[in-house]
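**Q**
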Amino acid sequence: MAVDAAAAPAEAFSGGERYVFCCAGCRDAFLAEPARYLAPSATPPVTQRPFAAATPTLWTCPMHPELRANAPGACPICGMALEPAMPSAADGANPELADMTRRFWASAALALPLFALAMGGHAAQALVSPRLLTWIELVLATPIVLWGGAPFFVRGWRSLASGRLNMFTLIGLGTGIAYGYSLVAALAPGLFPASLRDAQGGVAVYFESAGVIVALVLLGQVLELKARAKSADAIRALLDLAPKTARRIDGSGIERDVPLDQVEPGDRLRVRPGEKVPVDGIVVEGRSAIDESMITGEAMPVEKGPGDAVTGATLNGAGALIVRAERVRAETLLARIVARVAEAQRSRAPIQALADRVSAWFVPGVILLSAATFAGWLAYGPAPALGFALVNAIAVLIVACPCALGLATPMSILVGTGRGASAGVLIRNAEALERLEKIDTLVIDKTGTLTEGKPRLMKLVPAPNVDAEALLRLAASLEQASEHPLAAALVAAARTRGLALAPVADFKSRPGRGVVGTVEGHALALGNETLLAELGLAAQGPDVQFLAAEAEALAREGSSVMRAALDGRFAGLIATADPIRPGAQAALDALRRDGIEIVMATGDGRGTAEAVARRLGIQRVFAGLLPEEKADAVQRLAAEGRRVAMAGDGINDAPALAAAEVGIALGTGADVAIESAAITLVKGDLGAILRARTLSRAVMRNIRANLFLAFAFNALALPIAAGALYPAFGLLLSPMVASAAMSASSVTVIGNALRLRRLKL
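Below is the structure:
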């Protein structure tokens, strides 16, 4: 494979193909083992492949999520075990965990007697000669080091060959030096100077250190792998929601159960009482109540009938339904939620750059410190100086393994985004999670976000001698031929009151003004003042003046006011409005208490916008905006030094969502808005913004605590391992204790991250 030397740092060429990687490290990993990524079933870790396309056959590194491999193994960058990029619903066997567990138990069985013999000292020597004792230790330690520790040596060698030093570099060097020194001392003690040999001509060996260190590191790997597996529980819980089969009705009416992945758009599916809806679709027959708490969090079932949309994995009640499949497989809402969670869990927060910079210098620095420790003890240490130098240099190598430092950020992101998903807050990437805690301004859309987005009839004011119910029936009859949202509000109100609508004749729409037509022989007009002026009704009679003040008052309240004319005479006012979302006021008040300034940005007219703003206590309003002007408003606020988030649900909100520091989309809105946003509120509940902010703060606190634990551990352990306490207290850190401490530090960081699963949102 040829690599273009002139290519950008994260590009490579192979066989005429150009691969673009997310970073130079990922490119280097690909170049180090190209066959692994260019196998027929493999997928190179290119940025063009979306996270949503990941399957259980793709494996990734928890510390380097940009890496993709088609088989389990070790990360060529840091040496950690790869894990599935997308956990499966079933808890499939983890080959790495199984292998490490097998090696640990076998190594532990040999390490216990090895440790007992070494610590037995004179008691052991009373039973066997020192020479024989050395050979017994050699026999016990060899399979532990060479077989049990084989993965560590392989990964350590790869790190040296690639120049990417990591924790396994240190483990391999430490155990390899201890075992190699002891092996030479056991087989050829005569090679050592007389000052290092005892009265029987033997040399002190450290087989127990090498063997016990390997066993303890294996234990740490097993505990770490088990803890990391728990972080995927959120995705598994989501995957478990989906049924495994669907009951499909073919063209001849025959029903049969088929695997869910065989369902295609347009298929007719029967959903029996008590079953889960298999895919996203539309009800074509039947009525039932659907438990949608999986999506909305609401325990109250929702009545569904013909024409209503249903969501895959929601639970059918007592009725039977026939559903036409609309979205299947990766297009369903559940699949998109799972993909979003998996994408977020593999993303990197900006704060991780600190750990990355430290790690780049950490391992080389530890190796230099180990060499300096060896030289210092050899030159100034007590007899036997070589023994003290060797033991302390190994302790420095072992205790400083940077696994905890590398896991500090990814584990918190992994668990935190999973916790958010279970609370209906989907995080696209870790960067948004980090930024959200710093936001001080929330720009929020009106229609569909602060309001329900579905106008309702608010007030009917008939002219004198006009019956209100008759006026509504005639107006709804006229509007049933219109596609305007306000027309739908009138029709819905009439049907709710049980009014029978009449046919309409001579229907004409007057764009920007209203509609006219004939209903039951009556000439009817419905629209704004301009329409009535065209019909010559603007200044006729006292009826118009009688209701002018009422129309003005309704408009100030944010209602859209339509004037009705019947047979050439003014007949009354019909006011519709888009109701404010339940809970919107409480959510905004809570955000204000949290230090967030609320700004409205809407395409609606200023009068309507300010009326809604007054009711919700919003002081700053941008009204009458086109989509690109909403983005301009966001940028204008950012230019004032504000940290701006944008919340919206419509297609016209997409540019502003993308322009904001954090875009927040309501999951009940348009797909393009959801795709443009960094955070999605599945239920469409504004209160979830506060939950997302709580999650952001908790995750960032957890990351900072993890980084502190990792840095503090190394800051304390390294000087002790080098022998800083020996002159004053005579204390040294045994390599075996160093190994246990290193494993404990990694497990502590993981355990701290797992606390986020219990976060109250």
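Numbers 285 to 1045, taken from the working numbering, label the letters of the sequence shown in order.
We put the CB at the ideal spot given by N, CA and C, even for glycine.
(1) So, helix, strand or coil for L1047, using DSSP?
(2) When the Cα of A445 is compared with those of G504, A1028 and P360, which residue comes out closest?
(3) Tell me the residue span of the beta strand (DSSP E) that contains A530.
(4) Quick one: grab the DSSP three-state call for T616.
(5) What span of residues does the alpha helix (DSSP H) with I987 cover, start to end?
(6) What are the complete alpha helix (DSSP H) segments, minimum 4 residues, inside the segment 784-819?
(7) State the CB to CB distance for the pair D862 and P739, rounded to an integer number of angstroms; the pair is presumed to be in contact (CB under 8 Å).
(8) Whole alpha helix (DSSP H) runs in the segment 745-772 with 4 or more residues, listed along the chain?
(9) Report yes if the C-beta distance between A893 and M884 is below 9 Å; otherwise report no.
(10) Where does the unbroken beta strand (DSSP E) through V1031 begin, and where does it stop?
(11) Put M364 into one of helix, strand or coil per three-state DSSP.
(12) Any idea what DSSP makes of E582, helix, strand or coil?
(13) With 16 other CB atoms within 10 Å as the buried threshold, where does Y463 fall?
(14) My guess is that L965 and I948 are in contact by the Cβ rule of under 8 Å, so how many angstroms apart are they, rounded?
(15) Using alpha carbons as the reference points, say which of A355, Y664 and L979 lies closest to V699.
(16) Pull the bridge partners of L741 from the DSSP assignment, please.
(17) Tell me where the beta strand (DSSP E) around L424 begins and ends.
(18) Using the three-state DSSP reduction, which class does R781 fall into: helix, strand or coil?
(19) Using 8 Å for Cβ pairs, my map puts V487 next to A469. What's the rounded Cβ distance?
(20) Please confirm if the segment 833-851 is in contact with the segment 719-734, defined as three or more CB-CB distances below 8 Å between the two stretches.
(21) Using only alpha-carbon positions, find the residue among A778, D851, L821 and E813 that is nearest to G805.
(22) Alpha carbon to alpha carbon, how far is D575 from G456?
(23) Threshold first: 3 residues or longer. Then list the beta strand (DSSP E) segments lying entirely within the segment 905-947, N to C.
(24) May I ask you to list the residues that DSSP assigns as paired with L850?
(25) Please state whether DSSP places A667 in a helix, a strand or coil.
(26) Closest to E492 by CA distance: which of I428, L454, A705 and L544 is it?
(27) If you pair each beta-carbon of the segment 750-762 with each one of the segment 904-915, do three or more pairs fall below 8 Å?
(28) Our contact map puts G704 next to V1031 with C-beta atoms below 8 Å; I'd like the distance itself, whole angstroms only.
(29) Use the C-beta contact count for V489: other C-beta atoms within 10 angstroms, 16 or more gives buried, fewer gives exposed.
(30) Quick one: using the 10 Å Cβ neighbour count with 16 as the cut-off for buried, is I858 buried or exposed?
(31) Per DSSP, what kind of secondary structure is S844 in: helix, strand or coil?
(32) Could you check which residue in R781, A817, L816 and I711 has the C-alpha nearest to that of R975?
(33) Which of the three DSSP states is assigned to L875 in this structure?
(34) Applying the 10 Å Cβ sphere with the 16-neighbour rule, what's the burial state of A289?
(35) Rounded to the nearest angstrom, what separates P293 and G591 at their Cα positions?
(36) How many angstroms separate the CA atom of Q268 from the CA atom of Q903?
**A** Let me spell this out:
(1) Summary: the structure shown does not reach residue 1047, with the chain confined to residues 285 through 1045, and so no result is reported for it.
(2) P360
(3) T529 to I533
(4) coil
(5) G971 to A1006
(6) 813-818
(7) 5 Å
(8) Taken in chain order, the whole alpha helix (DSSP H) runs of length 4 or more contained in the segment 745-772 are 752-763.
(9) yes
(10) Taken as a continuous stretch (DSSP letters only), V1031 belongs to no beta strand (DSSP E), being part of the alpha helix (DSSP H) at P1019 to L1038.
(11) coil
(12) Only weak support is given to the placement of E582: the predicted model assigns it a pLDDT of 49, under 50, and the question is left unresolved by the model.
(13) buried
(14) Taking 8 Å as the upper bound for CB-CB distance, L965 and I948 are in contact here, some 7 Å apart.
(15) L979
(16) T860
(17) Where L424 is concerned, there is no enclosing beta strand (DSSP E), although the alpha helix (DSSP H) it sits in stretches over P414 to P427.
(18) coil
(19) 4 Å
(20) no
(21) D851
(22) 55 Å
(23) As far as the segment 905-947 is concerned, its whole beta strand (DSSP E) runs of at least 3 residues are 928-932.
(24) L808 and R853
(25) coil
(26) I428
(27) no
(28) Not really, about 24 Å apart at Cβ, beyond 8 Å.
(29) buried
(30) Of the other Cβ atoms in all chains shown, 16 or more fall within 10 Å of the Cβ of I858; this residue is therefore buried.
(31) strand
(32) I711
(33) helix
(34) Legend: pLDDT at A289 = 32, less than 50; position of this residue unreliable, no value from coordinates given.
(35) Note that P293 has pLDDT 39, beneath the 50 cutoff, so the model's placement of it is unreliable and the number below is only indicative. Between P293 and G591, the alpha-carbon positions lie close to 54 Å from each other.
(36) In this structure the chain extends from 285 to 1045, so residue 268 is not present and cannot be described.
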